[in-house]
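Protein chains in written order, with my numbering: chain P, 63 to 314; chain L, 2 to 377. C-beta: ideal position from N, C-alpha, C; glycine also. Please read these numbers as outputs of a predicted model, since none were measured by experiment. A short write-up of the structure that comes next.
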């Protein structure tokens, strides 16, 4: 079995609101999956389930070989798998969520030191290597508030990579950025994809999606309506609602 | 120059008809009061009572031959307060210069004929300046401030205890009570604040109940209750009134600290916790290293305000028979030979409270500016 994420008949509710409906989805190692959909369709919720930031009520979810507990089990304290899963799954947020009271290097080293018990020297060496990779070596000792949005998001990517994840989740990583900074973040993500990182991406950047995705998932009102190769999806969508979604977002 | 001040006066004091009316009534009134106060202070008042009773005002009925113990306590407090100031306010050469007149003022008050006291005041001020300079020049020292203040307070207790804790009093008692309460209520308040957010409902109810009960009753009653309860609960220990008073103050103010900290915890965006969780950090690490530092940063100004509040509430310990600064002043006046010096003594009390309070407010403002610079 080569799937890193395997969702079977997964359901999620907010109270009586049915947010994710009977989701079946598997993501192969090394695959880049882009999740598209209108706002409120459940696409962010879907990828937030993968590292347990959102709880699901029934169905099953296997991440990196570990079963993600359902909500009832988590409320009863069955969270041991959660820590194991999160160690191997990185996440990049729309609002960056860097720790404002820590420098760039401290942001990147804190988790490897606390979670993976690395020494400070080891963790800092890795951090500097990662900062070089995202092109921010000279900002290593600044605070997040001194960086532009694009730079902060690249630091956030480096922070996730420092945990050596097997899977990276991106939750609208460029939606909070000024247009001129979107490119620098997408470049870093492109490079990650080229290096063979498994990625699940929620984005509104259609050209980027078409370029990097191995597979597009279209989701609407909590159901997966279409799964396909990027070219097939963008040029010839099968589903009626996917067609009208594409017509809306590709108009400009 | 004169033209400018005339213009300023016309603009600010006599700009509109109402301003004219206000200025014509308020300015002469204020001038008259200032004149009365100054002329009383310089001619009628007999200030010799202050140096004569200074020891009682400062340390209450603590025995005179044991005063060296109080001096050690004062020097330790000076170092700690200096170091605390140094964390937020850089020490410069001109500050050292400004401390010389402070020393001269204190020495004049204590009576310059007493050479020992003049020297000890110099040592105290030097200790304050030393703590200030070290903490501002060597930032790593600041991390040791919290453990250092615990050790300092324990040392003060150890050195002050032998003559009997029942003898503590005066301004020293007020300051000690404030320091102990401030230092102890912080960790307790933080634990209560986290407890109130706990997902274990039992713990949550206990913490919420504690905080709400403490905030719904008067301080003076909590202090009195603790004072009468402790001998019943722990008959074998026979704790001194001072310690019982400190426990009462700490238990009461912990609830307030908890509420301040809780408001700070709520101000930390959800995304911070989510990001830390997504990195696999444990809830304990997240709370300690990510959430708490950001929360404390937000609530430092109200927490310092809380310290001022504690200091100003300290006179209430008279209810359990302690002699704090205010009470010490009243004790002096109870002495028949000083019965006519009420205004001198109360003026001194007023000025001292005002100076200490202003100092705390000043530190709070510096702290706020310091934090604003750090967060950006």
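Look at the stretch 264 to 283 of chain L: the residues with a C-beta under 8 Å from a C-beta of chain P are 270, 272, 273, 275, 276, 277, 278, 279, 280, 281, 282, 283.
At a cut-off of 8 Å, the C-beta of residue 97 (chain P) has no neighbouring C-beta in chain L. Excluding the 5 residues flanking it on each side, residue 157 (chain P) has same chain C-beta neighbours closer than 8 Å at 238, in chain order. Among the residues facing chain L, residue 172 (chain P) is included, as its CB has a counterpart in that chain under 8 Å away.
Here residue 74 (chain P) carries a strand assignment [DSSP, helix/strand/coil]. With contacts defined by Cβ atoms closer than 8 Å, residue 328 (chain L) and residue 334 (chain L) do not form a contacting pair. By the criterion of a C-beta distance shorter than 7 Å, residue 320 (chain L) is surrounded in its chain by 221, 224, 225, once the five residues flanking it on both sides are discounted. Around the beta carbon of residue 316 (chain L), a 10 Å sphere encloses 16 or more other beta carbons of the protein chains shown; the residue is thus reported as buried. Pairing residue 227 (chain L) with residue 248 (chain L) gives a Cβ-Cβ distance under 8 Å. Counting the other Cβ atoms within 10 Å of the Cβ of residue 324 (chain L) gives 16 or more, which makes it buried.
Per DSSP, residue 215 (chain L) is one residue of the alpha helix (DSSP H) stretching across 202 to 217.
For residue 52 (chain L), the CB contacts under 8 Å within the same chain, skipping 5 residues up- and downstream, are 110, 111, 112 in chain order.
If you draw a straight line from the Cα of residue 135 (chain L) to the Cα of residue 152 (chain L), it is about 18 Å long.
Looking at the DSSP output, residue 260 (chain P) shares a beta bridge with P:229.
Burial is judged here by how many other beta carbons sit within 10 angstroms of a residue's own beta carbon; residue 219 (chain L) has fewer than 16 and is exposed.
Between residue 91 (chain L) and residue 137 (chain L), the CB-CB gap stays under 8 Å. Closer than 8 Å to the CB of residue 143 (chain L) there is not a single CB belonging to chain P. Rounded to whole angstroms, residue 291 (chain L) and residue 265 (chain L) show a C-alpha spacing of 13 Å. Within the DSSP bridge table, the entry for residue 170 (chain L) names L:324 as partners. CA-to-CA, the gap between residue 36 (chain L) and residue 160 (chain P) works out to about 60 Å. Using a Cβ distance threshold of 8 Å, residue 151 (chain P) and residue 113 (chain P) count as a contacting pair.
Taking a C-beta distance under 8 Å as the contact criterion, residue 263 (chain L) and residue 164 (chain L) do not qualify as a contact pair. Beta-bridge analysis with DSSP links residue 80 (chain P) to P:75.
By the Cβ criterion, the stretch 266 to 273 of chain L is in contact with the stretch 292 to 312 of chain L, since at least three pairs of Cβ atoms, one from each stretch, lie closer than 8 Å. For residue 49 (chain L), no Cβ of chain P is located within less than 8 Å of the residue's own Cβ. The beta carbon of residue 295 (chain L) sits closer than 8 Å to some beta carbon of chain P. Ranked by how close their Cα comes to the Cα of residue 184 (chain L), the residues L:312, L:369, L:198 have L:312 in first place. With a cutoff of 8 Å on beta-carbon distance, residue 247 (chain P) and residue 204 (chain P) are scored as not near each other.
Under the DSSP definition of a beta bridge, residue 87 (chain P) partners with P:69.
Taking C-beta separations shorter than 7 Å and ignoring five residues to either side along the sequence, the partners of residue 202 (chain P) in its chain run 166, 167, 190, 193, following chain order. The beta carbon of residue 48 (chain L) lies closer than 7 Å to those of 345 in the same chain, with the five residues before and after it left out.
Under the Cβ distance rule, residue 177 (chain P) counts among the residues neighbouring chain L, one pair being separated by less than 8 Å. Between residue 255 (chain L) and residue 202 (chain L), the C-beta gap is not smaller than 8 Å, which leaves the two residues out of contact.
Sequence-distant Cβ neighbours of residue 372 (chain L) in its own chain, meaning closer than 7 Å and more than five residues away, are 298, 301. Contiguous beta strand (DSSP E) elements confined to the stretch 132 to 187 of chain P occur at 151 to 154, taking only those with 3 or more residues. When rounded, the separation of the alpha-carbon atoms in residue 103 (chain L) and residue 208 (chain P) is 41 Å.
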